[in-house]
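The opening position of the sequence shown corresponds to residue 1 in the UniProt record's numbering, with each subsequent residue numbered one higher. We put the CB at the ideal spot given by N, CA and C, even for glycine. Small disclaimer: the values here were computed from a predicted structure and weren't measured.
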Amino acid sequence: MQLSYLSEPSVLYNLQYRYSQDMIYTKAGPVLVAVNPFKNVSLYGTEYIDAYRNKTMDSPHVYAIADAALREMKRDEVNQSIIISGESGAGKTETAKIAMQYLASLGGGSGIEYEILQTNPILEAFGNAKTLRNDNSSRFGKLIEIHFSTTGRICGAMIQTFLLEKSRVVQCAVGERSYHIFYQLCAGAPASLREKLNLKKVDEFKYLKQSCCYSIAGVDDAQMFRTVTEAMNIVHISKEDQESVFAMVSAVLWLGDVSFTVIDNENHVEIIVDEASETVAELLGCSIEDLNLALSKRHMKVNNENIVQKLTLAQATDTRDALAKSVYASLFEWLVEQINKSLSVGKRRTGRSISILDIYGFESFDKNSFEQFCINYANERLQQHFNRHLFKLEQEEYVEDGIDWAKVDFEDNQDCLNLFEKKPLGLLSLLDEESTFPNATDLTFANKLKQHLNSNSCFRGERGKAFAVRHYAGEVVYDSSGFLEKNRDLLHMDSIQLLAKCKSSLPQTFASKMLAQSDNSISVPYRSSAADSQKLSVAMKFKRLESTTPHFIRCIKPNNLQLPAIYEQGLVLQQLKCCGVLEVVRISRSGYPTRMTHQKFARRYGFLLLEDVASQDPLSVSVAILHQFNILPEMYQVGYTKLFFRTGQIGKLEDTRNRTLHGILRVQSCFRGHQARHHARERIRGVLALQSFICGENARHIYSCLLRKHRAATILQRNVRCWLARRYFTNIRRASLVIQSGIRGNLVRRCNGNIDLINVLKEFESKQEAEGDQILIKASVLAELQRRILKAEATVREKDEENEMLHQRLQQYENRWLEYEQKMKAMEEMWQKQMRSLQSSLSVAKKSLALDETPRMSDSSVDQSWEINGTHAGSGSQLVPRTAGREMNAGLSVINRLAEEFEQRSQVFADDATFLVEVKSGQADASLNPDMELRRLKQNFDSWKKDFGSRIRETKVILNKLGTGNDSSPNSVKRKWWGRLNTSKFS
Numbered sequence: 001m002q003l004s005y006l007s008e009p010s011v012l013y014n015l016q017y018r019y020s021q022d023m024i025y026t027k028a029g030p031v032l033v034a035v036n037p038f039k040n041v042s043l044y045g046t047e048y049i050d051a052y053r054n055k056t057m058d059s060p061h062v063y064a065i066a067d068a069a070l071r072e073m074k075r076d077e078v079n080q081s082i083i084i085s086g087e088s089g090a091g092k093t094e095t096a097k098i099a100m101q102y103l104a105s106l107g108g109g110s111g112i113e114y115e116i117l118q119t120n121p122i123l124e125a126f127g128n129a130k131t132l133r134n135d136n137s138s139r140f141g142k143l144i145e146i147h148f149s150t151t152g153r154i155c156g157a158m159i160q161t162f163l164l165e166k167s168r169v170v171q172c173a174v175g176e177r178s179y180h181i182f183y184q185l186c187a188g189a190p191a192s193l194r195e196k197l198n199l200k201k202v203d204e205f206k207y208l209k210q211s212c213c214y215s216i217a218g219v220d221d222a223q224m225f226r227t228v229t230e231a232m233n234i235v236h237i238s239k240e241d242q243e244s245v246f247a248m249v250s251a252v253l254w255l256g257d258v259s260f261t262v263i264d265n266e267n268h269v270e271i272i273v274d275e276a277s278e279t280v281a282e283l284l285g286c287s288i289e290d291l292n293l294a295l296s297k298r299h300m301k302v303n304n305e306n307i308v309q310k311l312t313l314a315q316a317t318d319t320r321d322a323l324a325k326s327v328y329a330s331l332f333e334w335l336v337e338q339i340n341k342s343l344s345v346g347k348r349r350t351g352r353s354i355s356i357l358d359i360y361g362f363e364s365f366d367k368n369s370f371e372q373f374c375i376n377y378a379n380e381r382l383q384q385h386f387n388r389h390l391f392k393l394e395q396e397e398y399v400e401d402g403i404d405w406a407k408v409d410f411e412d413n414q415d416c417l418n419l420f421e422k423k424p425l426g427l428l429s430l431l432d433e434e435s436t437f438p439n440a441t442d443l444t445f446a447n448k449l450k451q452h453l454n455s456n457s458c459f460r461g462e463r464g465k466a467f468a469v470r471h472y473a474g475e476v477v478y479d480s481s482g483f484l485e486k487n488r489d490l491l492h493m494d495s496i497q498l499l500a501k502c503k504s505s506l507p508q509t510f511a512s513k514m515l516a517q518s519d520n521s522i523s524v525p526y527r528s529s530a531a532d533s534q535k536l537s538v539a540m541k542f543k544r545l546e547s548t549t550p551h552f553i554r555c556i557k558p559n560n561l562q563l564p565a566i567y568e569q570g571l572v573l574q575q576l577k578c579c580g581v582l583e584v585v586r587i588s589r590s591g592y593p594t595r596m597t598h599q600k601f602a603r604r605y606g607f608l609l610l611e612d613v614a615s616q617d618p619l620s621v622s623v624a625i626l627h628q629f630n631i632l633p634e635m636y637q638v639g640y641t642k643l644f645f646r647t648g649q650i651g652k653l654e655d656t657r658n659r660t661l662h663g664i665l666r667v668q669s670c671f672r673g674h675q676a677r678h679h680a681r682e683r684i685r686g687v688l689a690l691q692s693f694i695c696g697e698n699a700r701h702i703y704s705c706l707l708r709k710h711r712a713a714t715i716l717q718r719n720v721r722c723w724l725a726r727r728y729f730t731n732i733r734r735a736s737l738v739i740q741s742g743i744r745g746n747l748v749r750r751c752n753g754n755i756d757l758i759n760v761l762k763e764f765e766s767k768q769e770a771e772g773d774q775i776l777i778k779a780s781v782l783a784e785l786q787r788r789i790l791k792a793e794a795t796v797r798e799k800d801e802e803n804e805m806l807h808q809r810l811q812q813y814e815n816r817w818l819e820y821e822q823k824m825k826a827m828e829e830m831w832q833k834q835m836r837s838l839q840s841s842l843s844v845a846k847k848s849l850a851l852d853e854t855p856r857m858s859d860s861s862v863d864q865s866w867e868i869n870g871t872h873a874g875s876g877s878q879l880v881p882r883t884a885g886r887e888m889n890a891g892l893s894v895i896n897r898l899a900e901e902f903e904q905r906s907q908v909f910a911d912d913a914t915f916l917v918e919v920k921s922g923q924a925d926a927s928l929n930p931d932m933e934l935r936r937l938k939q940n941f942d943s944w945k946k947d948f949g950s951r952i953r954e955t956k957v958i959l960n961k962l963g964t965g966n967d968s969s970p971n972s973v974k975r976k977w978w979g980r981l982n983t984s985k986f987s
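Shown next, in the form of structure tokens:
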């Protein structure tokens, strides 16, 4: 602000005038004040980004703050931070997005900046909600670290979140909404996903209908859901993971509809198995029995003894709500982890970064609970960081460096911060201590606060469970109802085990993280002090910010109606006082916001001096620079180690330095261009000379090749033309002879033996021969002869082609005939072998039969003589030799028939094979396919051979039986009997 007289009315009037002109940004020293216009203003876009990048526009803007942070990071090699604060509804979230857009535009190029911008729809859907003061209120804190490469390009980012308002999942005030994603999922989910998740209308879910607010004016939840899914695709969250995320969101909604029924007189309950409980079990991937066990019973271990305690209706309801809050909070943390994986820097990390802190502002309602307690504590830490940088450190640095400085008083909130953080008697310590007692209540906690903290000037006890804290922004009365329960953030081990048993991957992941954070045994509930964890989280965030150079943006809400063109001075003044803007203006006007060490100042601006000062010390060089540029003594001060400048003084030196460097670069570029052109001309001359030699050599080589080709072509053409002429002459002569023979034959046939006419023709021919070439042939006869010659040539060519085709076919037939001959020879050899084997079998059979026949004949003669002499005993035995003789004759007849059949079939098969060979070679004519007949003949031969072999084997068996006999049969002829008989006869 450039005000001649600084006072509250002048500041308020200046802000109001600028606000009415749609100039919503005002610079108050190092702090940018942004007044929420509650409408779209034409201050953004590519034109404005280019203007602030090129320094053609210097009016206050978020772009200017982001540009300053980027330039200082490159110049000083120090990490920067942009801290955005203000009340709920002041426009912090939009301001953070505008700053990210500018950084993405200047540092973009790798594509990751687009992914960083697309994280906003996801985080807003899962972390923002409609409140009475703001339609898109951030219900969590967010710190985004944007990392840059050595060239100033964005190479990655990391998002940290804290202070998520989990109670909003299960409870909303009238006129407010829960988190946006619940309404967007119900409105925009496609039919397939809606059926899979069993979604209902928004006003049918218990968690959502308790506030009686289901929509936001001017916001299409269905379109926002599509935007969220597109953003998830961009940050590389797979389709399967997206379905799992929406399943968890639906499970949280259906958990609110899970109801209980009382089962005994002690008010113990069990869940009702209905659509809600079945849907929750299906979405989580667990059974109804496990869900009922986790929500209606509690397992404890007392004196090494496991005890199962049934829960009352109130306890079961609290357990159900605790499970819903825990699942949603774990889902939010998992989403942030997936986003960070997508935006990870990896090996590209350089250490340079710009952090953007977006945290919801100070809150004071008619009834303030644990959530407002944590939010206001975080804002106290933020205000302390603001004071420390702009007031404490600023003035302490002035004193340490020994410059003249009149100390400026400001309102310090260190006492209020001690009230929260002091140990062991601070608000957070007492809250954690009381939470460890099982019998403690919210009333005992309030009484303990009044007992120990009444002496603190920032604390005041109220009636009942209430107490008041005097914050930097004003006094807030808190109702301690629910403080202990919310601080314990109780989620019993039964619920964790339920998540661990689920088949879905996300609940198992949530359970594993909860178990990793818990140091207790399996029987002790999982406890995490919410206040203590928030304290650690907030302390860590601000500890990281203390190592950066901060840039502050204070967002102001002009009215509580969220309407444009309405400026409430009282509300604006209260916010200006709360954030210390007036003190900042006073310090910035009387202080020295720009400082630089002597060495750095001399190194940065020493080259601007006209004389050589290389041998002088940095302080002397710095003073010489100040004198040369006529900087007034009241505009700077020289400290022990640093130079301190008032606002705008270092800018003049920077402009001069930039102009000088630009001129130096211009001279260097001109000289380098002259050198480059000189070297280029020399290289061009050398290249041209080299090219001329190479082109000449190539041309000579090409010419010699062309000359050889021309000579070869001439010789080839001459030979081809000669050959064509000879062939043409030969064809004409052959055609002439054919025509002459035809004409002569015709004349002979017409003469019919007239010798005189023949003589006349002979005389005519002799005259023609005598006259030779003097005979003139008519042109028509010559043309007809030429036509016939051409036709004869065409006929000859066709006949040549047909002859060639026939020759090829003949060659193929010869090849096939050779193959068939080889096959026939192979088959004949095989048949001959098989015939020889059959013949050998028959000959063996005949020989064996002949050998058996001789002894039998001798035996029969002996038997006959024995019978005559009457030495035979029994008439039945006299028939044996006769029967054997008849069987032997039958065997001989069978063998003879087999031999005859073998000779006949051998001759038949040999004749058929010879015939087929003659048909195949063309020696015999027959309308049959020799190949097919040959295969059929082979099949017949194989079948006959098999049958003939089986019959031979049967005949052998019969003959063996006849030769050896059978001991068990009384009618058989035994060799032992014949032997005794012959022995007795000859003895």
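Query                                                                                                      : Result
Nearest neighbour of T151, chosen from F729, S110, G218 [CA to CA]                                         : S110
Proximity to residue 1002 [Cα-Cα], best of F629, F915, H678, V917                                          : For residue 1002 there is no data in the structure shown, the boundaries of the chain being 1 and 987.
Euclidean distance between Cα positions of H147 and F607                                                   : 32 Å
Buried or exposed by the 16-neighbour rule on C-beta atoms within 10 Å, applied to K709                    : exposed
Bridge partners - G474, DSSP secondary structure assignment                                                : H471
Cα-Cα separation, R75 to F552                                                                              : 19 Å
Buried versus exposed call for W254 [16 or more other C-beta atoms within 10 Å across all chains shown]    : buried
Environment of M805 [buried if 16+ CB atoms lie within 10 Å]                                               : exposed
8 Å CB neighbourhood of I24 in its chain, flanking five on each side removed                               : R18, A34, V35, N36, P37, V41, L43
Cβ shell of T444 (< 7 Å), same chain only, five flanking positions each side left out                      : E434
The stretch 453-463 contacting the stretch 359-377, beta-carbon criterion three pairs below 8 Å            : no
Length of the line joining the Cα atoms of V638 and S105                                                   : 39 Å
Rounded C-alpha distance that separates residue 1007 from A90                                              : No information on residue 1007 is available, as it lies outside the stretch 1 to 987 that the chain covers here.
Residue of T594, Q675, D617, L626 minimising C-alpha distance to G648                                      : T594
C-beta contact flag for A324 and Y472 at 9 Å                                                               : no
For R711 and residue 1044, the rounded distance between their alpha carbons                                : The requested residue 1044 is not part of the displayed model; the chain covers only 1 to 987.
Residue interval of the beta strand (DSSP E) (run including N306)                                          : 305-310
Continuous beta strand (DSSP E) stretch holding Q171: start and end                                        : Neither: Q171 is in no beta strand (DSSP E) and is coded neither H nor E.
Near the ligand MG: S192 beta-carbon under 8 Å from a heavy atom                                           : Ligands are entirely absent from the displayed structure, and the ligand MG is therefore not among its contents.
Whole-angstrom distance between L335 and S480, CA atom to CA atom                                          : 32 Å
Assigned secondary structure, M248 (DSSP; H/G/I helix, E/B strand, else coil)                              : helix
Cβ-based burial, E611 [other Cβ within 10 Å; buried from 16]                                               : exposed
Whether R194 touches G256 by CB criterion (9 Å)                                                            : no
N418, buried or exposed, once every other Cβ within 10 Å from all chains shown has been counted against 16 : exposed
Touch test, the stretch 233-250 against the stretch 156-176, Cβ-Cβ under 8 Å, three pairs minimum          : no
Coil, strand or helix - I263 by DSSP                                                                       : coil
DSSP state of P525 mapped onto helix, strand, coil                                                         : Confidence is the limiting factor: at P525 the pLDDT is only 44, short of 50, which leaves the residue's position unreliable, though a coordinate-based value still follows. Three-state DSSP puts P525 in coil, outside helix and strand.
Where D432 falls: helix, strand or coil (DSSP)                                                             : helix
Given Y813 as reference, the closest of E784, F126, K920 once Cα atoms are compared                        : K920
Beta-bridge pairing of A34 - partner residues as DSSP gives them                                           : Y25, C555
Range of the contiguous beta strand (DSSP E) that encloses H627                                            : No beta strand (DSSP E) holds H627; the alpha helix (DSSP H) holding it covers 618-628.
Contiguous alpha helix (DSSP H) assignments of at least 4 residues, all confined to the stretch 31-89      : 46-53, 62-76
For F459, the residue or residues it bridges with in DSSP                                                  : V469
Secondary structure of N368, DSSP reduced to three states                                                  : strand
Given Y377 as reference, the closest of I359, E394, H389 once Cα atoms are compared                        : I359
Touching by the beta-carbon criterion (3+ pairs, under 8 Å), the stretch 180-189 and the stretch 237-249   : yes
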